[in-house]
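Novice:
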Amino acid sequence: SVHFNDPKYPQQWHLNNRRSPGRDINVTGVWERNVTGRGVTVVVVDDGVEHTIQDIAPNYSPEGSYDLNSDDPDPMPHPDVENGNHHGTRCAGEIAAVPNNSFCAVGVAYGSRIAGIRVLDGPLTDSMEAVAFNKHYQINDIYSCSWGPDDDGKTVDGPHQLGKAALQHGVIAGRQGFGSIFVVASGNGGQHNDNCNYDGYANSIYTVTIGAVDEEGHMPFYAEECASMLAVTFSGGDKMLRSIVTTDWDLQKGTGCTEGHTGTSAAAPLAAGMIALMLQVRPCLTWRDVQHIIVFTATRYEDRRAEWVTNEAGFSHSHQHGFGLLNAWRLVNAAKIWTSVPYLASYVSPMLKENKAIPQSPRSLEVLWNGIPHGFNGLGTFSICAMLGGESPRDYQACRQGMSGMESFQVGILRQWQLTLYGSVWSPVDIRDRQSLLESAMSGKHLHDDFALPCPPGLKIPEEDGYTITPNTLKTLVLVGCFTVFWTVYYMLEVYLSQRNVASNQVCRSGPCHWPHRSRKAKEEGTELESVPLCSSKDPDEVETESRGLSTASDLLVPDLLEQGDWSLSQNKSTLDCPHQHRDLLHGKEEQIC
Amino acid sequence: LAGTGGPDGQGPGGPSWAVHLESLKGDGEEETLEQQADALAQAAGLVNAGRIGELQGHYLFVQPAGHRPALEVEAIRQHVEAVLAGHEAVRWHSEQRLLRRAKR
Chain A
927 SVHFNDPKYP QQWHLNNRRS PGRDINVTGV WERNVTGRGV TVVVVDDGVE HTIQDIAPNY
987 SPEGSYDLNS DDPDPMPHPD VENGNHHGTR CAGEIAAVPN NSFCAVGVAY GSRIAGIRVL
1047 DGPLTDSMEA VAFNKHYQIN DIYSCSWGPD DDGKTVDGPH QLGKAALQHG VIAGRQGFGS
1107 IFVVASGNGG QHNDNCNYDG YANSIYTVTI GAVDEEGHMP FYAEECASML AVTFSGGDKM
1167 LRSIVTTDWD LQKGTGCTEG HTGTSAAAPL AAGMIALMLQ VRPCLTWRDV QHIIVFTATR
1227 YEDRRAEWVT NEAGFSHSHQ HGFGLLNAWR LVNAAKIWTS VPYLASYVSP MLKENKAIPQ
1287 SPRSLEVLWN GIPHGFNGLG TFSICAMLGG ESPRDYQACR QGMSGMESFQ VGILRQWQLT
1347 LYGSVWSPVD IRDRQSLLES AMSGKHLHDD FALPCPPGLK IPEEDGYTIT PNTLKTLVLV
1407 GCFTVFWTVY YMLEVYLSQR NVASNQVCRS GPCHWPHRSR KAKEEGTELE SVPLCSSKDP
1467 DEVETESRGL STASDLLVPD LLEQGDWSLS QNKSTLDCPH QHRDLLHGKE EQIC
Chain B
65 LAGTGGPDGQ GPGGPSWAVH LESLKGDGEE ETLEQQADAL AQAAGLVNAG RIGELQGHYL
125 FVQPAGHRPA LEVEAIRQHV EAVLAGHEAV RWHSEQRLLR RAKR
């Protein structure tokens, strides 16, 4: 029953797939119940967001935005030679493009607020990443990051010291203490046989790692396997399959709309949008609740290459699809009735000393630690390749990489290792109870405003960075300040000097005044310009008392000046001591006095 | 790709260091840390560029503006490392390197 006039909405198969029903994120039923992400802010951490474009402007949140590359509050993307800085705008459009504006497309959470943090368009350091991950973290609920270390099949990298500290700080103090939600895209290294176990953002426990599947539900050519991927959602596939249609920038070659958004970059924002829908129905979900709901509701589906495994907790998992395909209807209905999971628990093995040589392939070194009673193997199988860990054939990474030349190749030594497991202390019964509770909610019976479980208010956590004046603002203020000071001094000086003139003229009152020399001719012609003080009218009797002490030139000059109309009034008053009043001037009319 | 990774990549404005200072107990902790950071930056011949985001006790020290020959930069780097490594209030420090990040 949902209809939008956005011209490209019919092509947005990921929202509502008419060609292959079911091959979409199943979100229209959620929209019909007015769940659109209202009250939630998603920030796209990328190369900028063109927030002036029609599809984004009404949902744009300047208070959640910042530009770390230029150090100013406006994250507008800067056109560059490769015409490449449209990435952040496209991700933002997937999340919150405005519907029914007859422009381009519709976002998953089109009722949410969208912010931008521009950080990828320039030199990036660990400290900049740390600032980005906690920027406005009491305003931004979800951080959508469609980027990561190189996917070249060789790089092993992730958040460094500060980035890791910021992720931890974000899940502890972000979003009023419920924890920021960090959504990251799994790797795009499929062609290099890469694996995102080598990507510290993807396999961090603080992030929601999202992979991609094409419209047919298969792992696309660019996607890579990853044990720590939580779930997958749709994106583009190979040439024969449709990509994601979304808002685009309109700078350089941009038209404001694109049908070519693809890669895991396109999948992560869709997940961020679905999480925004969850937070609308239940704002007090913690960062761990969100992860658990994804695991409980993601759907396994038939894909012969997926190699699904069912683990002891009863969940299906695959290195290609995580715990399965995200489904907005299931996520939101589960969120609506979700009660918080137990605190994060970790199980740490002792440091296991080995000091064993790692033989050259095809032989291998296998070490076991069976301190954890578990019913099935596969929990801790690692294949260590030289000093770089992780399980994946790394065709492009010769294990001798980084060693001195081949001839002096030394056998690697495994000194020691330790296994840490993170999770929730739940018994199988707890899990089965929760699963049946969720299945009963999938009818949508709770998805209306009258039903709401109690939701504790968040903590008031001040954002420490306050408002820092940007250099431009500072310069402007200084300039205005100087200008003001200069004019104030000038005006004071002028008033002082003119007062001094008047004072010097006042001296005449007590004795005869000598007018500066005036040519008789000018006077006869009445062409002289006289500076006379302003005159105000007073009634005669008052004047009587006043005029005795006050006599002014104006009494003498008013009639002819008035007639001539060429008199100039100025501040410097000049007064004359007149021997007597011209009675006729007073005759019957108000006298002008100064 | 944001930045050019690798050991030679330096931060946007020349070498910079992130420092984590031992947080002192007691009231007014933040400004004490701030003062401590200023003093430490000065001792190392750097400028305290302020706290790193929301991370308590983490500060970024940058080199005063101005271009310097490579040799001098290397000497400065060693001096800074010696000062930071030798200061008892410094829990952790690291020179900031450019990170390579790819849009996906």
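One line per chain: the protein sequences are A and B, in this order.
Yeah, the first sequence ends on 1520 if you go by our numbering, and it's all consecutive.
Yeah, the second sequence ends on 168 if you go by our numbering, and it's all consecutive.
Ideal placement from N, C-alpha and C gives every residue a C-beta, glycine not left out.
Treat the numbers as computed from the prediction; the structure is a model and nothing was measured.
Is there a Cβ from chain A that is less than 8 Å from the Cβ of Gly117 (chain B)?
Specialist: Locating residue 117 (chain B) in the second sequence gives position 53, counting from the first residue. So yes, Gly117 (chain B) belongs to the interface.
Novice: To the nearest angstrom, report how far apart Val1171 (chain A) and Cys1183 (chain A) are at their CA atoms.
Specialist: As a position in the first sequence, residue 1171 (chain A) is number 245, starting the count at 1. As a position in the first sequence, residue 1183 (chain A) is number 257, starting the count at 1. C-alpha separation (whole angstroms): 8 Å.
Novice: Please list the partners that Asn1074 (chain A) has in chain B, where partner means a Cβ-to-Cβ separation under 8 Å.
Specialist: Within the first sequence, residue 1074 (chain A) is the residue found at index 148, counting from 1. One detail in the question is off: residue 1074 (chain A) reads as Gly in this sequence, not Asn. Those are Arg165, Ala166 and Arg168, listed as they occur along chain B.
Novice: Spell out the partners DSSP gives Gln1342 (chain A) in its beta bridges.
Specialist: On the first sequence, residue 1342 (chain A) is found 416 positions in, with the first residue counted as 1. Looking at the DSSP assignment, Gln1342 (chain A) forms a beta bridge with A:Lys1279.
Novice: Could you pull out every unbroken alpha helix (DSSP H) segment of at least 4 residues lying fully inside the segment 1076-1154 of chain A, listed in chain order?
Specialist: List check, alpha helix (DSSP H) in window: 1087-1099.
Novice: Can at least three beta-carbon pairs, one atom from the segment 937-945 of chain A and one from the segment 986-1000 of chain A, be found at a separation below 8 Å?
Specialist: Under the Cβ criterion (8 Å, minimum of three pairs), the segment 937-945 of chain A does not count as touching the segment 986-1000 of chain A.
Novice: What does Ile1043 (chain A) pair with, by DSSP beta-bridge criteria?
Specialist: In the first sequence, the residue the question calls residue 1043 (chain A) occupies position 117. According to DSSP, which records beta bridges pairwise, Ile1043 (chain A) is partnered with A:Val971 and A:Tyr992.
Novice: Taking the C-alpha atoms as reference points, what is the distance between Glu138 (chain B) and Arg168 (chain B)?
Specialist: Position 74 of the second sequence, counted from the first residue, corresponds to residue 138 (chain B). Position 104 of the second sequence, counted from the first residue, corresponds to residue 168 (chain B). Approximately 36 Å between the Cα atoms of the pair.
Novice: Closer than 8 Å, CB to CB, is Lys1061 (chain A) near chain B or not?
Specialist: Counting from one through the first sequence, the residue named residue 1061 (chain A) turns up at place 135. At least one chain B Cβ lies under 8 Å of Lys1061 (chain A).
Novice: Starting from the Cα of Val970 (chain A), find the closest Cα among A:Trp957, A:Asp1076 and A:Lys1061 and give me that residue.
Specialist: Locating residue 970 (chain A) in the first sequence gives position 44, counting from the first residue. When only C-alpha atoms are compared, the closest one is A:Lys1061.
Novice: Starting from the beta carbon of Gln160 (chain B), find every residue of chain A whose beta carbon is closer than 7 Å, and list them in chain order.
Specialist: Your numbering for residue 160 (chain B) matches position 96 in the second sequence. Near Gln160 (chain B) (Cβ distances below 7 Å), the residues of chain A are Thr1051, Asp1052 and Ser1053.
Novice: How do the segment 1133-1142 of chain A and the segment 1104-1114 of chain A stand: do at least 3 beta-carbon pairs fall below 8 Å, yes or no?
Specialist: They touch, by the three-pair rule.
Novice: I'd like to know whether the C-beta of His151 (chain B) is nearer than 8 Å to at least one C-beta of chain A.
Specialist: Stepping through the second sequence from its first residue, residue 151 (chain B) is reached at position 87. No, His151 (chain B) lies away from the interface with chain A (no Cβ there is under 8 Å from its Cβ).
Novice: Does the beta-carbon distance from Leu1403 (chain A) to Leu119 (chain B) come in below 8 Å?
Specialist: Position 477 of the first sequence, counting from 1, holds the residue named residue 1403 (chain A). Position 55 of the second sequence, counting from 1, holds the residue named residue 119 (chain B). For Leu1403 (chain A) and Leu119 (chain B), no; Cβs fall outside 8 Å.
Novice: Checking 8 Å against the spacing of the C-beta atoms, do Val154 (chain B) and Leu85 (chain B) come in under that value?
Specialist: Residue numbering aside, residue 154 (chain B) sits at position 90 when the second sequence is read from its first letter. Residue numbering aside, residue 85 (chain B) sits at position 21 when the second sequence is read from its first letter. Yes, the Cβ-Cβ distance between Val154 (chain B) and Leu85 (chain B) is below 8 Å.
Novice: Using a Cβ-Cβ cut-off of 8 Å, state whether Leu1088 (chain A) counts as contacting chain B.
Specialist: Counting from one through the first sequence, the residue named residue 1088 (chain A) turns up at place 162. So, interface residue.
Novice: Any residues in the segment 129-155 of chain B with a beta carbon nearer than 8 Å to a beta carbon of chain A? Which ones, in chain order?
Specialist: none
Novice: Could you tell me the distance, in whole angstroms, from the CA atom of Gln1102 (chain A) to the CA atom of Lys1279 (chain A)?
Specialist: Walking along the first sequence from the start, residue 1102 (chain A) turns up at place 176. Walking along the first sequence from the start, residue 1279 (chain A) turns up at place 353. So the alpha carbons of these two residues sit roughly 42 Å apart.
Novice: Take the Cβ of Pro1146 (chain A) as the centre, count every other Cβ of all protein chains shown within 10 Å, and call the residue buried at 16 or more, exposed below.
Specialist: Here residue 1146 (chain A) refers to the residue found at position 220 when the first sequence is read from its first residue. Taking a 10 Å sphere around the C-beta of Pro1146 (chain A), we find 16 or more other C-beta atoms and assign the residue as buried.
Novice: Can you give me the Cβ contacts of Asp1176 (chain A) inside the same chain, cut-off strictly under 8 Å, excluding the 5 residues immediately before and after it?
Specialist: On the first sequence, residue 1176 (chain A) is found 250 positions in, with the first residue counted as 1. Once the five neighbours on either side are set aside, the close Cβ partners of Asp1176 (chain A) are Glu976, Ile979 and Gly1182.
Novice: Give, in chain order, every residue of the segment 1187-1202 of chain A whose Cβ lies closer than 7 Å to some Cβ of chain B.
Specialist: Gly1189, Thr1190 and Ser1191
Novice: Helix, strand or coil for Gly109 (chain B)? Go by DSSP, reduced to three states.
Specialist: Sequence index remark: in the second sequence, residue 109 (chain B) carries index 45 (1-based). If DSSP states are grouped into helix, strand and coil, Gly109 (chain B) belongs with coil.
Novice: Could you tell me whether any Cβ in chain B is nearer than 8 Å to the Cβ of Tyr1322 (chain A)?
Specialist: Here the question's residue 1322 (chain A) lines up with position 396 in the first sequence. Caution applies to Tyr1322 (chain A), whose pLDDT of 43 falls short of 50 and renders its modelled position unreliable; the model cannot decide the point.
Novice: What do you reckon, are the CB atoms on Glu1055 (chain A) and Pro1195 (chain A) nearer than 8 Å?
Specialist: One-based indexing of the first sequence puts residue 1055 (chain A) at position 129. One-based indexing of the first sequence puts residue 1195 (chain A) at position 269. Going by C-beta atoms, Glu1055 (chain A) is not nearer than 8 Å to Pro1195 (chain A).
Novice: For Trp957 (chain A), collect the residues of the same chain with a Cβ closer than 6 Å to its Cβ; drop the 5 residues on either side in sequence, then sort them by chain order.
Specialist: By one-based count along the first sequence, residue 957 (chain A) stands at place 31. Taking C-beta separations shorter than 6 Å and ignoring five residues to either side along the sequence, the partners of Trp957 (chain A) in its chain run Val928, following chain order.
Novice: Can you confirm whether Asn1121 (chain A), when its beta carbon is compared against all beta carbons of chain B, has any partner nearer than 8 Å?
Specialist: Here residue 1121 (chain A) refers to the residue found at position 195 of the first sequence. Closer than 8 Å: no.
Novice: Cys1030 (chain A) by DSSP, collapsed to three states: which one?
Specialist: Your numbering for residue 1030 (chain A) matches position 104 in the first sequence. Here Cys1030 (chain A) sits in coil by DSSP.
Novice: Measuring only the C-alpha atoms, how far is Gly1048 (chain A) from Pro1005 (chain A)?
Specialist: Locating residue 1048 (chain A) in the first sequence gives position 122, counting from the first residue. Locating residue 1005 (chain A) in the first sequence gives position 79, counting from the first residue. Gly1048 (chain A) and Pro1005 (chain A): Cα-Cα distance of roughly 12 Å.
Novice: On the premise that Ser1169 (chain A) lies in contact with Ala1193 (chain A), defined as a C-beta separation below 8 Å, what is that separation, rounded to the nearest angstrom?
Specialist: Position 267 of the first sequence holds residue 1193 (chain A). Position 243 of the first sequence holds residue 1169 (chain A). No, Ala1193 (chain A) and Ser1169 (chain A) are not in contact; Cβ-Cβ is about 11 Å, not under 8 Å.
Novice: For Leu124 (chain B), which residues in chain A fall below 8 Å Cβ to Cβ?
Specialist: Taking the second sequence and counting its residues from 1, one reaches residue 124 (chain B) at position 60. Correct list: Ser1053.
Novice: When the cut-off is 8 Å and only beta carbons count, does Asp72 (chain B) lie next to chain A?
Specialist: On the second sequence, position 8 is the one that residue 72 (chain B) refers to. Note that Asp72 (chain B) scores a pLDDT of 44, beneath 50, so its modelled location is shaky; the value from the coordinates is reported in the next line. No - not a single Cβ of chain A is within 8 Å of the one on Asp72 (chain B).
Novice: Who are Val1235 (chain A)'s beta bridge partners in DSSP?
Specialist: Residue numbering aside, residue 1235 (chain A) sits at position 309 when the first sequence is read from its first letter. Paired residue(s): A:His1243.
Novice: How many Å lie between Asp950 (chain A) and Gly1163 (chain A) at the Cα?
Specialist: Locating residue 950 (chain A) in the first sequence gives position 24, where the first residue counts as 1. Locating residue 1163 (chain A) in the first sequence gives position 237, where the first residue counts as 1. So the two alpha carbons sit approximately 14 Å from each other.
Novice: For the ligand ZN, is there any heavy atom lying closer than 7 Å to the beta carbon of Ser1369 (chain A)?
Specialist: In terms of ligand content, the structure shown is empty, and the ligand ZN therefore cannot be addressed.
Novice: Does any CB atom of chain B fall closer than 8 Å to the CB of Asn1427 (chain A)?
Specialist: Here residue 1427 (chain A) is taken as the residue at index 501 of the first sequence, counted from 1. Output row for Asn1427 (chain A): interface = no.
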